[in-house]
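Structure first, commentary second.
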């Protein structure tokens, strides 16, 4: 009888633990505004339009989807930035489902952080090491000069060159 109580307790515990949701609640993600979602309001409309044309043209040519998102400090923290952008990329469904070829470029000027989330299909073409090098060599130099738009544009173009 004691065995049955113990078994029942652990069964309930296991079912309860299995039913817990991921710590990141999908309701906390905003909906995308398009390929460019400037939630930090650091880009002008013209800059957003330029970036949108760039990634739209690339998607038509290669079928690789790139979303660029800026996040303010009220949306996530520096410590949670990786998980937040990964969850956002999955929630938004960036990339063709059968190819898993999406890329999310997450930037927070206020937190001073950038992360590029590559879908598994992209990781076959572009390694994490290559992605980090693109960030440090093409995005960051202009970011340090205060030219966020130019850093995003130059970095995104370099990313596209590596993927062609």
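In full-length UniProt numbering, the protein residues as written are 1 to 164.
Glycine included, every Cβ here is placed at the ideal spot set by N, Cα and C.
Around the beta carbon of residue 36, 16 or more other beta carbons sit within 10 angstroms, so the residue counts as buried.
Shortest Cα-Cα distance from residue 115 to any of 31, 48, 155 involves 155. Annotated as distal: residue 91 and residue 138, with beta-carbon spacing of 7 Å or more. Distance from the Cα of residue 74 is smallest, within the candidate group 54, 41, 101, 134, for 41. Burial state of residue 157 is exposed, judged by a 10 Å Cβ sphere holding fewer than 16 other Cβ atoms.
Taking each of 110, 48, 60, 46 in turn and checking the Cα distance to residue 146, the smallest one comes out for 110.
Following the DSSP letters along the chain, one finds residue 156 in no beta strand (DSSP E) but inside the alpha helix (DSSP H) bounded by residues 148 to 163.
In chain order, 150, 151 place their CB closer than 6 Å to the CB of residue 142, counting only its own chain and leaving out the 5 sequence neighbours on each side.
Rounded to whole angstroms, residue 131 and residue 119 show a C-alpha spacing of 12 Å. Here residue 102 is buried. Its C-beta has 16 or more other C-beta atoms within 10 Å. Within its own chain, the residues whose Cβ lies closer than 6 Å to the Cβ of residue 89, once the five positions on either side in sequence are excluded, are 104, 117, listed in chain order. Within the model, the alpha-carbon separation for residue 69 versus residue 127 is close to 21 Å. In the DSSP assignment, residue 104 falls within the unbroken beta strand (DSSP E) covering 102 to 108. Counting only unbroken stretches of 3 or more residues, the beta strand (DSSP E) elements lying wholly within the segment 24 to 106 are 36 to 38, 65 to 70, in sequence order.
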